[in-house]
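Student: When the count follows my numbering, it moves up by one through the sequence shown with no breaks and lands on 144 for the last residue. Backbone N, C-alpha and C fix where the C-beta goes; we use that ideal spot for every residue, glycine too. Every value quoted in this text rests on a predicted model; they were computed, and no experiment measured them. Structure incoming, see below.
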Amino acid sequence: ERLLTQGEQGAAMYILVSGKVHITRRDTISQEEQDAGEARDGEVFGLLSLVEHMPSPETCTAEGPATVAALTPERYHALFLLSPSLARQLQYMVAVQLARELQWKNQSLRKGLTRQKRPSLLERLFGVSG
15 ERLLTQGEQG AAMYILVSGK VHITRRDTIS QEEQDAGEAR DGEVFGLLSL
65 VEHMPSPETC TAEGPATVAA LTPERYHALF LLSPSLARQL QYMVAVQLAR
115 ELQWKNQSLR KGLTRQKRPS LLERLFGVSG
């Protein structure tokens, strides 16, 4: 099942509770679909929809059964009123993921690679293959 489509406005940020989500990006010049990796349990995707109300930069498709939690901007803001400590933890998780994505993008640009597979969260945080 397709959860996000590249170029379309996303309605929420998603937290993958269980399962796998395949991530692809269409090259804007060649129009080729490129593998960008996968999201695994506990990872988030669709961040730009939540923090910047921007179109999705990638297509995210569930590979088989997957459980996801959708967090809309309205629910995100309500979370700060209902549970400030949980909201701060989520805010930190979002900041870490955005920082990791920026590091990965910068590394790709420095190496001049356009087809590098996005590492998993474990690989990004600990250098461990998952």
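Compute the distance between the beta-carbons of Glu22 and Pro69, then report whether it is under 9 Å.
Tutor: Yes, Cβ-Cβ distance for Glu22 and Pro69 is below 9 Å.
Student: Starting from Ala26, follow the alpha helix (DSSP H) in both directions and report where the run begins and ends.
Tutor: Neither: Ala26 is in no alpha helix (DSSP H) and is coded neither H nor E.
Student: Express the C-alpha separation of Ile29 and His36 in angstroms, rounding to a whole number.
Tutor: Computed Cα separation, rounded: 14 Å.
Student: Using only alpha-carbon positions, find the residue among Ala83, Gln45, Ala109 and Val110 that is nearest to Asp55.
Tutor: Measuring from the Cα of Asp55, the nearest candidate turns out to be Ala83.
Student: Start and end of the beta strand (DSSP E) containing Glu52?
Tutor: Glu47 to Ala53 is the span of the beta strand (DSSP E), which, as asked, contains Glu52.
Student: What are the start and end residues of the beta strand (DSSP E) that includes Ala83?
Tutor: Taken as a continuous stretch (DSSP letters only), the beta strand (DSSP E) holding Ala83 covers Thr81 to Leu85.
Student: Using the Cα positions of Thr75 and Arg16, report the straight-line distance between them to the nearest angstrom.
Tutor: One C-alpha to the other measures close to 4 Å.
Student: Out of Leu85, Asn120, Glu77 and Leu95, which one is the CA nearest neighbour of Ser63?
Tutor: When only C-alpha atoms are compared, the closest one is Leu85.
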